[in-house]
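*Asks:* Those letters in the sequence shown? Residues -10 to 456, per my numbering, in order.
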Amino acid sequence: MPLVTVLPILQPLLLAFAAVFSKPQQRHFDNYIQGLIIQDHRRTLAGMSRHVLDGPDASPWDRFVTPAPWELPALNGRWRALLRRALKRLKPQGKRIAGKQTDFRIFDDTHHLRTGQGLEGAGYHWVHTEGRPQWSHSLGLGAYRAGDYTFAYSCEVYVREEDVLRLNAMRAPEHLLREPEVRRPLWTFRSKVDQVVAQIEAFQPLRADRTVFVLMDSWYLNRRIIRAARQKELDWCSCLKSNRVVELLDLSLETGEVRRSTRLTVQELLGQLVPTAMLGEPGVPCPWAAPTPAWQTVAAEGRTFRALAYRARLEGIGVVHLVLVQERYRSGRWSPVVSLVTNRLDLTAAEVVAVYLERWGIEVMIRDAKQHLGLTDCQMERLEGTVRHWIFCLLSQAMLTLLRLQADQGQLRTPSGQAVASVGRTLGEVRQFVKGCALVELLRWASAQAAQGRSVEEMAAALGLPA
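1) Can the beta-carbon of ASP357 be found less than 8 Å from the beta-carbon of LEU416?
2) Should the region 335 to 351 be regarded as contacting the region 113 to 128, the criterion being three or more beta carbon pairs within less than 8 Å?
3) Taking the beta carbon of GLU270 as the centre, do at least 16 other beta carbons fall within 10 Å, making it buried, or is it exposed?
4) Considering only the beta carbon of each residue, do ARG252 and ALA278 sit closer than 8 Å?
5) Which first and last residues belong to the beta strand (DSSP E) in which ARG67 is found?
6) To the nearest whole angstrom, what separates the beta carbons of ARG292 and GLU257, a pair I think is in contact under 8 Å?
7) Mark HIS30 as exposed unless 16 or more other C-beta atoms lie within 10 angstroms of its C-beta, in which case mark it buried.
8) Sorted by chain position, which residues of the same chain lie with C-beta nearer than 7 Å to GLY83's C-beta, five sequence neighbours on each side aside?
9) So LEU392 packs on ALA141, CB below 8 Å; how close in whole Å?
10) Looking at GLU145 and LEU457, is the spacing between their C-beta atoms short of 8 Å?
11) Following the continuous beta strand (DSSP E) through PRO49, name the residue where it begins and the one where it ends.
12) Let me know if GLU347 comes out buried or exposed under the rule of 16 or more other beta-carbons within 10 Å of its beta-carbon.
13) To which residues of the same chain is LEU313 closer than 7 Å at the C-beta, ignoring the five residues directly before and after it?
14) For the beta strand (DSSP E) containing ASP224, name the first residue and the last one.
15) Given a threshold of 16 other Cβ atoms within 10 Å of its Cβ, counted over all protein chains shown, does ASP43 qualify as buried or as exposed?
16) For GLN400, count neighbouring C-beta atoms within 10 Å of its own C-beta (all shown protein chains included) and say buried if the count is 16 or more, exposed if not.
17) Does the Cβ of LYS12 have 16 or more other Cβ atoms within 10 Å, making it buried, or fewer, making it exposed?
18) For the candidate residues PHE422, GLU246, ALA8 and VAL203, whose alpha-carbon lies nearest to that of VAL412?
19) For PRO122, which beta-bridge partners are listed by DSSP?
20) If we ignore side chains and look at the alpha-carbon of each, how far apart do THR403 and ALA217 end up?
21) Between the region 304 to 311 and the region 234 to 251, do at least 3 Cβ pairs fall closer than 8 Å?
22) Report, in whole angstroms, the separation of the C-beta atoms of LEU460 and ILE380, which I expect to be a contact under 8 Å.
23) Where does HIS30 fall in DSSP's three states?
24) Given that a residue counts as buried once 16 or more other Cβ atoms are within 10 Å of its Cβ, and exposed if not, what is GLY24?
25) Between the alpha carbons of HIS276 and TRP323, how many angstroms are there, rounded?
26) Excluding sequence positions up to five away, which residues of its chain have a Cβ less than 8 Å from the Cβ of GLN220?
27) Tell me LEU(-8)'s beta-bridge partners as DSSP assigns them.
28) Compute the Euclidean distance between the alpha carbons of LEU242 and ALA283, then round it to the nearest angstrom.
29) Measuring straight from C-alpha to C-alpha, what distance separates ASP51 and GLY374?
30) Helix or strand or just coil, what does DSSP make of ALA221?
31) Could you check what DSSP says for VAL201 in three-state terms: helix, strand or coil?
32) Within its chain, find whatever has a CB closer than 6 Å to the CB of VAL(-5); leave out the 5 residues flanking it on each side and keep chain order.
33) Quick check on THR286: buried or exposed, where buried means 16 or more other Cβ atoms within 10 Å of its Cβ?
34) Along the chain, where does the beta strand (DSSP E) containing ILE95 start, and where does it finish?
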């Protein structure tokens, strides 16, 4: 769809970043974000720039996302300040956990398959869906979830730990050999764990009245990340791999006394659990370590689960609340057992399940960014360009989510002043709403051109359309 102007529905959000860019860069930024949201084809630089009225070709956009002198930290800082103000003003209802309003900081990663060996930062990474390593860029993502709204919050490329020193050693002398006017920003490669630790250390809760849980999958559960969360006084919840060793405890919460303990892997614990769980009356292995030595049926997000809780200790992490969970399918069968852990010993099994289900928000965010915003469409030789494209895609997701929040709170209006009751619940529905707004602006432009006496053929030629 041709873009003829900055959409009024997006303009206040886009203007919030004016301090980061020069005026020409701001025009590129406006059109880039709008192109990601509105266009339906692959979001390549040439494809998006072709649909901007009186816009430049792809070359200026390529310079904008690669060597242009604007800084990602400044862009990220502006977005987080905007999100902080929006949440303070709009006050979305949070998830209530243990009687307190709770928000969530979620971490996950995704792989983007690549072609071409000359791409900076690309390497062979294990892809679980394929069961083998593949040549790809690996993207570490962070999200902030408040109530029913998941906002993209952080984005970095990561490399394997064994490649960090080599890539950084190659980058520094290459940087110095370039002429000053064409030097790249000195990029520092980091591993996945280093990224998450740094992001937790830099994180500031967006609302003072909210408890914040850090949510992650089993690949992130290690002593460095947990230590960083503990230093920031953040709660956390994760799941365990089957080969993880746990020490089940008969623990007195009043005195801290450990009366009895045993060490075993999660797989060994599940091996004792599953045969008894298949019987009519599920059994409980090591009942002395369970606060309530019986299965509990719990409901969360309209789904039915059964859960069994233990007190346990993880080496290098400390005492945890271990909850074994199965979901009841519609057919009546039970799912495989999932082991969840959290530092919050005071939570019920139902609350632990409810907390971890919030992690699904980042999975939906990644899927939407790939399907609707072209997260994987752009491939550039320079790593800065690829990362900037990723960040623009995720910033587009966050802006669309913010529009949805504004509409739900009755604070979104069309250019004519009409209140918008709803823009939908999914990102795809919000995107269709913005595309409708773009169509209205195109009709306004066509009407103004017709009033000036321009023919349909002349307007079509201006828009690059066949006539």
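Built from N, CA and C at the ideal position, the CB exists for glycine as well.
*Replies:* To lay it out plainly:
1) Remark: C-beta atoms of ASP357 and LEU416 approach each other more closely than 8 Å.
2) The region 335 to 351 is not in contact with the region 113 to 128.
3) Per-residue confidence for GLU270 stands at a pLDDT of 44, beneath the threshold of 50, marking its modelled position as unreliable; the derived number appears in the next sentence. Label assigned to GLU270: exposed.
4) Going by C-beta atoms, ARG252 is not nearer than 8 Å to ALA278.
5) Premise fails: ARG67 lies in the alpha helix (DSSP H), 61 to 79, not in any beta strand (DSSP E).
6) Not confirmed; about 28 Å, so no contact.
7) With fewer than 16 other beta carbons inside 10 angstroms of its own, HIS30 counts as exposed.
8) The beta carbon of GLY83 is closer than 7 Å to those of GLN90, THR91, ASP92, ALA135, GLY136 and ARG199 in its chain, skipping five residues each way along the sequence.
9) Not quite, the Cβ-Cβ distance comes to about 14 Å (not below 8 Å), so this is no contact.
10) No answer is possible for residue 457: it lies beyond the span of the chain, which begins at -10 and ends at 456.
11) Looking at the DSSP string, PRO49 is not in any beta strand (DSSP E); the run it does join, the alpha helix (DSSP H), is 47 to 54.
12) When all chains shown are included, GLU347 counts as buried.
13) For LEU313, same chain residues with a beta-carbon under 7 Å away, outside a window of 5 residues either side, are LEU262, ALA296, LEU297, VAL326 and SER328 in chain order.
14) That run of the beta strand (DSSP E) goes 224 to 228.
15) Under this definition ASP43 is an exposed residue.
16) Burial call: exposed.
17) Exposed, because fewer than 16 other Cβ atoms sit within 10 Å of the Cβ of LYS12.
18) Ranking the options by Cα distance to VAL412, first place goes to PHE422.
19) BP columns for PRO122 point to TRP115.
20) Approximately 44 Å between the Cα atoms of the pair.
21) Verdict: yes, contact present.
22) Summary: the structure shown does not reach residue 460, with the chain confined to residues -10 through 456, and so no result is reported for it.
23) DSSP, read as helix, strand or coil, puts HIS30 in coil.
24) Classification for GLY24: buried.
25) Per the sequence presented here, residue 276 reads as Pro, with His not at that position. When rounded, the distance between both Cα atoms is 22 Å.
26) Cβ-Cβ distances below 8 Å link GLN220 to GLU190 in the same chain, with the five nearest sequence neighbours on each side left out; the list follows chain order.
27) According to DSSP, which records beta bridges pairwise, LEU(-8) is partnered with VAL41.
28) Straight through space, the alpha carbons of ALA283 and LEU242 are spaced by roughly 19 Å.
29) Separation of ASP51 and GLY374 (C-alpha to C-alpha, rounded to the nearest whole angstrom) is 8 Å.
30) Before going on, a small fix: residue 221 reads as Lys here, not Ala. Per DSSP, reduced to three states, the secondary structure at LYS221 is coil, with no helix or strand assignment.
31) DSSP places VAL201 within a strand segment (E or B) once states are collapsed to three.
32) Result list for VAL(-5): ASP19, in chain order.
33) Its Cβ having fewer than 16 others within 10 Å, THR286 is exposed.
34) 89 to 102 is the extent of the beta strand (DSSP E) around ILE95.
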